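A.B. asks: Quick mapping for you: the protein sequence lines, in order, are chains G and Z. All residue numbers for the first sequence refer to this note's numbering, where the first residue is 10 and numbers rise by one. All residue numbers for the second sequence refer to this note's numbering, where the first residue is 10 and numbers rise by one. Mind looking over this structure? Questions follow.
Protein chains: 2
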Amino acid sequence: MKTKSFSDMQCSIARTLEQVGSWWSLLILRDAMMGARRFKHFERSLGIAKNTLTKRLAQLVDAEILERVAAADGSAYDEYVLTERGRELAPVMIALSQWGDKWVAHPNGPSTEIVDGATGERLPKIWPRRENGEWMELNEVGMRQIERAPEKD
Amino acid sequence: MKTKSFSDMQCSIARTLEQVGSWWSLLILRDAMMGARRFKHFERSLGIAKNTLTKRLAQLVDAEILERVAAADGSAYDEYVLTERGRELAPVMIALSQWGDKWVAHPNGPSTEIVDGATGERLPKIWPRRENGEWMELNEVGMRQIERAPEKD
DNA sequence: TAGTCTAGTCTAATATCGAAACTAGAAGAG
DNA sequence: CTCTTCTAGTTTCGATATTAGACTAGACTA
Numbered sequence: 010m011k012t013k014s015f016s017d018m019q020c021s022i023a024r025t026l027e028q029v030g031s032w033w034s035l036l037i038l039r040d041a042m043m044g045a046r047r048f049k050h051f052e053r054s055l056g057i058a059k060n061t062l063t064k065r066l067a068q069l070v071d072a073e074i075l076e077r078v079a080a081a082d083g084s085a086y087d088e089y090v091l092t093e094r095g096r097e098l099a100p101v102m103i104a105l106s107q108w109g110d111k112w113v114a115h116p117n118g119p120s121t122e123i124v125d126g127a128t129g130e131r132l133p134k135i136w137p138r139r140e141n142g143e144w145m146e147l148n149e150v151g152m153r154q155i156e157r158a159p160e161k162d
Numbered sequence: 010m011k012t013k014s015f016s017d018m019q020c021s022i023a024r025t026l027e028q029v030g031s032w033w034s035l036l037i038l039r040d041a042m043m044g045a046r047r048f049k050h051f052e053r054s055l056g057i058a059k060n061t062l063t064k065r066l067a068q069l070v071d072a073e074i075l076e077r078v079a080a081a082d083g084s085a086y087d088e089y090v091l092t093e094r095g096r097e098l099a100p101v102m103i104a105l106s107q108w109g110d111k112w113v114a115h116p117n118g119p120s121t122e123i124v125d126g127a128t129g130e131r132l133p134k135i136w137p138r139r140e141n142g143e144w145m146e147l148n149e150v151g152m153r154q155i156e157r158a159p160e161k162d
């Protein structure tokens with residue numbers, strides 16, 4: 010969709026968005042994190058056009074966020090599984106999900122919950138905390154530009 | 010970019026993306042979090058086309074993520090400032106930035122740092138933690154679909 | 001072995017985006 | 001007070017992305 014590349018920006022946010030590719034990609038990742046692995050799973054869950062899904066999956070594989078592997082269950086069809094890079098996008102997904110739950114919840118309530126896999130209990134929210142676990146207020150958090158000499162060598 | 014609306018999906022991630030609007034919006038928010046308030050600040054910092062910027066700002070205002078207010082310094086030009094909704098997107102931005110720093114860092118190194126506003130010290134990363142502050146492994150974190158009756162009344 | 005499912009590809013229509021040129025009002029220089 | 005520049009847009013138009021739908025080759029199913 011974007012027609013301009015962010016990859017030459019030095020900002021990590023821009024560079025991450027460039028890798029992810031598009032909105033659809035994030036929803037594909039959401040499904041992948043909830044266990045989807047096959048083309049048809051994504052297709053049905055998202056209601057996305059097949060050609061678009063093909064393209065988005067290929068691009069995520071290209072970015073090494075997903076990996077295409079032979080099916081674990083012996084099926085002839087490949088599966089798309091998260092790489093470590095991909096799994097580490099979880100904080101982004103969790104943060105997005107959390108914001109949506111709070112500010113734009115669906116009338117029927119949220120549809121996803123983030124839990125401790127072992128106990129099934131809901132996790133506390135993802136939010137800035139100090140090393141010792143203490144929660145921070147947003148006005149205590151600063152985002153700062155790092156100054157840097159234009160040349161390096 | 011997308012031509013299909015996510016707003017009828019019940020998923021909070023989809024609904025959040027719908028509100029945010031586009032990649033550019035996230036970069037606008039990044040700049041807003043770093044102190045940008047005026048049209049020209051965003052324009053220069055992002056290298057974005059003016060019409061696109063106009064549209065994105067309008068849409069963020071519409072989504073109540075930004076608010077358009079008279080300039081604090083008496084200038085005739087309005088300023089765009091984050092609302093609470095907008096400020097609460099910080100965890101998303103931080104998570105994106107962090108992932109980029111780790112996986113797709115610019116050759117010159119990252120350009121942004123997240124700090125404790127009071128001390129100037131870098132904050133620990135945004136990552137799933139238990140209530141007591143203990144860090145979790147990603148494989149301990151589950152994302153689960155909440156089952157729900159299709160009707161409500 | 002016929003029929004169906006999966007995972008695509010291809011084409012054409014449509015929606016969206018962005019670059020460049022243009023503009024009205026504000027600010028600044030002399 | 002007048003000329004020029006700056007700001008914050010709007011308009012036009014071409015480039016790009018997304019979609020629906022038709023088509024296909026190889027698996028699977030009865």
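We put the beta carbon where it would ideally sit given N, CA and C, even for glycine. Note that the coordinates shown come from a computational prediction; the quantities given were computed from them, not determined experimentally.
Tell me, please, whether the segment 36-56 of chain Z touches the segment 93-110 of chain Z by the rule of three or more beta-carbon pairs shorter than 8 Å.
C.D. replies: The answer is yes - the segment 93-110 of chain Z touches the segment 36-56 of chain Z, with three or more Cβ pairs under 8 Å.
A.B. asks: Does E52(G) have its Cβ less than 7 Å from a Cβ in chain Z?
C.D. replies: So, not an interface residue.
A.B. asks: H115(Z) and Q28(G): beta carbons closer than 7 Å?
C.D. replies: No, they are not a contact pair.
A.B. asks: Does any C-beta atom of chain G lie closer than 7 Å to the C-beta of E156(Z)?
C.D. replies: By this cut-off, E156(Z) is not an interface position.
A.B. asks: Measure from the C-beta of Q28(G) to each C-beta in chain Z and report whether the shortest distance is under 7 Å.
C.D. replies: With 7 Å as the cut-off, Q28(G) counts as an interface residue toward chain Z.
A.B. asks: Taking the beta strand (DSSP E) that T121(G) falls in, what are its first and last residues?
C.D. replies: Run containing T121(G): T121 to D125, per the beta strand (DSSP E) assignment.
A.B. asks: Just to confirm, is the Cβ distance from E122(G) to I155(Z) under 7 Å?
C.D. replies: Result yes, Cβ atoms of E122(G) and I155(Z) sit closer than 7 Å.
A.B. asks: Just by C-beta distance, which residues in the segment 87-106 of chain G are closer than 8 Å to chain Z?
C.D. replies: The segment 87-106 of chain G vs chain Z, Cβ under 8 Å: R94, R96, E97, L98, A99, P100, V101, M102, I103, A104, L105 and S106.
A.B. asks: Using CA coordinates, which residue listed in N148(Z), T61(Z), I135(Z) and W144(Z) is at the minimum distance from M145(G)?
C.D. replies: The candidate whose alpha carbon is nearest that of M145(G) is I135(Z).
A.B. asks: Do R53(G) and I74(G) have their beta-carbon atoms positioned less than 7 Å apart in this structure?
C.D. replies: No, Cβ-Cβ distance for I74(G) and R53(G) is not below 7 Å.
A.B. asks: Check whether chain G comes within 7 Å of I135(Z), counting only Cβ atoms and requiring the distance to be less than that.
C.D. replies: It does; some Cβ of chain G falls within 7 Å.
A.B. asks: Please report the residue range of the alpha helix (DSSP H) in which R131(Z) lies.
C.D. replies: No alpha helix (DSSP H) contains R131(Z), which DSSP labels as neither H nor E.
A.B. asks: At 8 Å on the CB atoms, spell out the chain Z contacts of S120(G), in chain order.
C.D. replies: Q19, C20, S21, Q154, I155 and R157, listed in chain order.
A.B. asks: Going along chain Z, which residues have a C-beta under 9 Å from R138(G)?
C.D. replies: Those are L132, P133, I135, R138 and G142, listed as they occur along chain Z.
A.B. asks: Among A58(Z), L132(Z) and G142(Z), which one has its Cα closest to the Cα of S34(Z)?
C.D. replies: Residue A58(Z) is the option with its Cα nearest to S34(Z).
A.B. asks: Could one say the Cβ of D162(Z) lies closer than 7 Å to chain G's Cβ atoms, at least one of them?
C.D. replies: Residue placement at D162(Z) cannot be trusted, given a pLDDT of 38 that sits under 50; what the coordinates show is reported in the next sentence. Output row for D162(Z): interface = no.
A.B. asks: Quick check: the Cα distance between L62(Z) and D125(G), rounded to an integer number of angstroms?
C.D. replies: Roughly 41 Å between the two C-alpha positions.
A.B. asks: Would you kindly check if the distance between the Cβ of R46(G) and the Cβ of E76(G) is under 7 Å?
C.D. replies: Taking 7 Å as the Cβ cut-off, E76(G) and R46(G) do not qualify as a contacting pair.
A.B. asks: In angstroms with no decimal places, state the Cα-to-Cα distance between A85(Z) and L91(Z).
C.D. replies: If you take the alpha carbons of A85(Z) and L91(Z), they lie about 19 Å apart.
A.B. asks: Quick one: what's got a C-beta closer than 8 Å to D162(Z)'s C-beta in the same chain, skipping five residues either side?
C.D. replies: Low per-residue confidence applies at D162(Z): pLDDT is 38, beneath 50, and the placement is therefore not dependable, though the value from the model is reported in the following sentence. Within the same chain, D162(Z) has no close Cβ partners at all.
A.B. asks: If you reduce the DSSP assignment to three classes, tell me which class Q154(G) lands in.
C.D. replies: Of the three classes helix, strand and coil, the one that applies to Q154(G) here is strand, per DSSP.
A.B. asks: Can you tell me the Cβ-Cβ gap for P133(G) and E140(Z), rounded? I've got them flagged as a contact below 8 Å.
C.D. replies: Their Cβ separation, rounded to whole angstroms, is 5 Å, which keeps P133(G) and E140(Z) in contact under 8 Å.
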